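To start, the structure itself, in structure tokens.
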Amino acid sequence: MRRDGRSIREMGRVLGRSHSTISRELRRNRSPVHHSYIDHRAQVRADKRRSKASRRMRLKNDKIRDYVESKLTQDWSPEQISGRIGIDHPGLSISHEAIYQYVYHPSTSNRQELIGCLRRFHKRRKRKGSAPDKHKLKITGRIGIEYRPAEVETRDRFGDWEADTLTSRQSKIALLSMVERKSRLVQIEKLEARTASLTSQAMINCLIRFPKDARRTLTLDNGTENAEHEGVSQSTGISCFFCEPYSSWQRGTNEHTNGLVRQYLPKKTDFAIISSEEIKLIESRLNNRPRKCLGFKTPLEVANLCVALQR
Numbered sequence: 008m009r010r011d012g013r014s015i016r017e018m019g020r021v022l023g024r025s026h027s028t029i030s031r032e033l034r035r036n037r038s039p040v041h042h043s044y045i046d047h048r049a050q051v052r053a054d055k056r057r058s059k060a061s062r063r064m065r066l067k068n069d070k071i072r073d074y075v076e077s078k079l080t081q082d083w084s085p086e087q088i089s090g091r092i093g094i095d096h097p098g099l100s101i102s103h104e105a106i107y108q109y110v111y112h113p114s115t116s117n118r119q120e121l122i123g124c125l126r127r128f129h130k131r132r133k134r135k136g137s138a139p140d141k142h143k144l145k146i147t148g149r150i151g152i153e154y155r156p157a158e159v160e161t162r163d164r165f166g167d168w169e170a171d172t173l174t175s176r177q178s179k180i181a182l183l184s185m186v187e188r189k190s191r192l193v194q195i196e197k198l199e200a201r202t203a204s205l206t207s208q209a210m211i212n213c214l215i216r217f218p219k220d221a222r223r224t225l226t227l228d229n230g231t232e233n234a235e236h237e238g239v240s241q242s243t244g245i246s247c248f249f250c251e252p253y254s255s256w257q258r259g260t261n262e263h264t265n266g267l268v269r270q271y272l273p274k275k276t277d278f279a280i281i282s283s284e285e286i287k288l289i290e291s292r293l294n295n296r297p298r299k300c301l302g303f304k305t306p307l308e309v310a311n312l313c314v315a316l317q318r
């Protein structure tokens, strides 16, 4: 068609391809001698290029490879590694796609070990509160999320928290997770039972570690474990607000963080055999992972900066 004098745009319409694709094909696979496009020779060049690409070993740079493998074993995702490497080692860079290709490359000696470090999220999770609970009690002094200050949504300030409990199928032991919205800093506490008194005391213990200006609002669901929210407010000065029934998405930051916790503690885990030290190790892992939404800073870095600025 090119020999017939057709334009690149016209060729694209006939072949059902964009004009940029046609232009790229002509440029990459034309004869370097005659500067003309000969189809069978172009195919040979394309096949040779593809063959070389499939044999190419990724991450030849030892410093990058060591960094990537080290962070993968710390449960960082390829995207987190890609975003953070330039901060830790100015001048170094690698795309998350190149990391995936390295991990799955047949010539990677520790391939299976690295594949095991990648996250596997189970999409079909039953959302908490997806069906009515006949045993829910009316919470005294409940203030709905519609009365929560609008600035909480913007994440511009530090001190707005979300909280939830994670349960175990194997025992009555539960976990309290509290997440600060701006920094994504998480605190995890083990509960001997998911009762209102134990939950409220654990919330107080988490919050009093922070200065008063870092205790602004706390968003909760309507579970009976949150019935003693007024005691939390009195002890810490924080204002508590409740999501609408069966609307866990209104605590989206907390829901996402619970998914990260479940990476370490799947739903079949018996929390009774998990020590408090192990819980704190998981908390530390999550708080020291860089996050894309934070410009690949870690939650702990952002939280420390925010608290320092508030003083």
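Using our numbering, you'd call the opening residue of the sequence shown number 8 and step up by one each time.
Think of the CB as a built atom: it goes at the ideal place given N, C-alpha and C, for glycine as much as any other residue.
If you're wondering where the values come from, they're calculated on a predicted model, not measured in any experiment.
Buried or exposed, going by whether 16 or more other CB atoms sit within 10 Å of the CB of Thr236? For the purposes of this step, residue 236 is taken as the residue at position 229 of the sequence shown. Contrary to the premise, residue 236 reads as His rather than Thr in this sequence. Burial call: buried.
Looking only at C-alpha atoms, which of Ile215, Arg188, Leu66, Ala234 sits nearest to Phe249? The residue you call residue 249 lines up with position 242 of the sequence shown. With distances taken between Cα atoms, Phe249 lies closest to Ala234.
Can you give the beta carbon distance from Phe303 to Gly90, rounded, assuming they're within the 8 Å contact cut? Numbered from its first residue, the sequence shown carries residue 303 at position 296. Numbered from its first residue, the sequence shown carries residue 90 at position 83. About 4 Å; that satisfies the 8 Å criterion.
Looking at the unbroken beta strand (DSSP E) that takes in Lys197, where does it start and where does it end? Residue 197 sits at position 190 when you count from the first residue of the sequence shown. Residues 193-198.
In whole angstroms, give me the CA-to-CA distance for Tyr74 and Ile92. The residue given as residue 74 occupies position 67 in the sequence shown. The residue given as residue 92 occupies position 85 in the sequence shown. If you take the alpha carbons of Tyr74 and Ile92, they lie about 8 Å apart.
What is the residue span of the alpha helix (DSSP H) that Thr260 lies within? The residue given as residue 260 occupies position 253 in the sequence shown. Its alpha helix (DSSP H) spans residues 259-271.
CA-CA distance, Arg149 and Leu182? Walking along the sequence shown from the start, residue 149 turns up at place 142. Walking along the sequence shown from the start, residue 182 turns up at place 175. When rounded, the distance between both Cα atoms is 23 Å.
Cα-Cα separation between Pro273 and Thr172, rounded to whole angstroms: Translated into positions along the sequence shown, residue 273 becomes position 266. Translated into positions along the sequence shown, residue 172 becomes position 165. For Pro273 and Thr172, the distance between alpha carbons rounds to 14 Å.
Determine the burial state of Asn68: buried for a count of at least 16 other Cβ atoms within 10 Å of its Cβ, exposed for fewer. Along the sequence shown, read from residue 1 onward, the residue named residue 68 stands at position 61. So Asn68 counts as exposed.
If I'm right that Gln81 touches Arg292 with Cβ under 8 Å, what's the distance once you round it to whole angstroms? Residue 81 sits at position 74 when you count from the first residue of the sequence shown. Residue 292 sits at position 285 when you count from the first residue of the sequence shown. With 8 Å as the limit, Gln81 and Arg292 qualify as a contact, their Cβ atoms being about 7 Å apart.
DSSP three-state assignment for Trp256, whether helix, strand or coil: Along the sequence shown, one-based indexing puts residue 256 at 249. Three-state result, Trp256: helix.
Does DSSP put Arg62 in a helix, in a strand, or in coil? Working through the sequence shown from its first residue, we reach residue 62 at position 55. Residue confidence for Arg62 is low, a pLDDT of 47 falling below 50, so the modelled location carries little weight; the figure read from the coordinates is stated next. In this structure, Arg62 counts as helix in the three-state DSSP scheme.
Just the Cα atoms here: how many angstroms apart are Gly123 and Val21? In the sequence shown, counting from the first residue as 1, residue 123 sits at position 116. In the sequence shown, counting from the first residue as 1, residue 21 sits at position 14. Gly123 and Val21: Cα-Cα distance of roughly 46 Å.
Using three-state DSSP, classify Glu169 as helix, strand or coil. As a working mapping, residue 169 is identified with position 162 in the sequence shown. Glu169: strand per DSSP, three-state reduction.
Whole angstroms is fine: what's the gap from Ile280's alpha carbon to Leu198's? Position 273 of the sequence shown, counted from the start, is the residue given in the question as residue 280. Position 191 of the sequence shown, counted from the start, is the residue given in the question as residue 198. Going by the C-alpha atoms only, they are around 13 Å apart.
Alpha carbon to alpha carbon, how far is Val186 from Glu104? As a first step, residue 186 is located in the sequence shown; it is residue number 179 there, counting from the start. As a first step, residue 104 is located in the sequence shown; it is residue number 97 there, counting from the start. So the two alpha carbons sit approximately 30 Å from each other.
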